[in-house]
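Numbering (my numbering), first residue to last: 213 to 271. Each remark here refers to the structure printed beneath this line.
See below:
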């Protein structure tokens with residue numbers, strides 16, 4: 213059940229503005245998730261690089 217459906221169920225009919233704000237919030241969340249995934253990929257690459265350097269030094 214969507215947030216829109218839950219609001220309708222209790223007698224509140226969201227306006228187009230409310231629906232748009234909800235979608236924009238979802239978009240912001242998706243963008244933040246993508247940013248964090250990219251940051252995680254960079255950290256993983258750095259950890260791999262550090263591991264390779266350490267193994268070359270015999271550690």
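Each residue gets a CB set at the ideal place from its N, CA and C atoms; glycine is no exception. Just so we're clear, the structure is a prediction, and the values are computed from it rather than from any experiment.
Alpha carbon to alpha carbon, how far is residue j from residue i? Give it in angstroms, no decimals.
{"i": "residue 227", "j": "residue 234", "result": "11 Å"}
{"i": "residue 264", "j": "residue 216", "result": "51 Å"}
{"i": "residue 221", "j": "residue 237", "result": "22 Å"}
{"i": "residue 240", "j": "residue 259", "result": "29 Å"}
{"i": "residue 266", "j": "residue 253", "result": "20 Å"}
{"i": "residue 268", "j": "residue 255", "result": "20 Å"}
{"i": "residue 242", "j": "residue 270", "result": "42 Å"}
{"i": "residue 262", "j": "residue 250", "result": "19 Å"}
Does DSSP classify residue i as helix, strand or coil?
{"i": "residue 270", "result": "coil"}
{"i": "residue 263", "result": "helix"}
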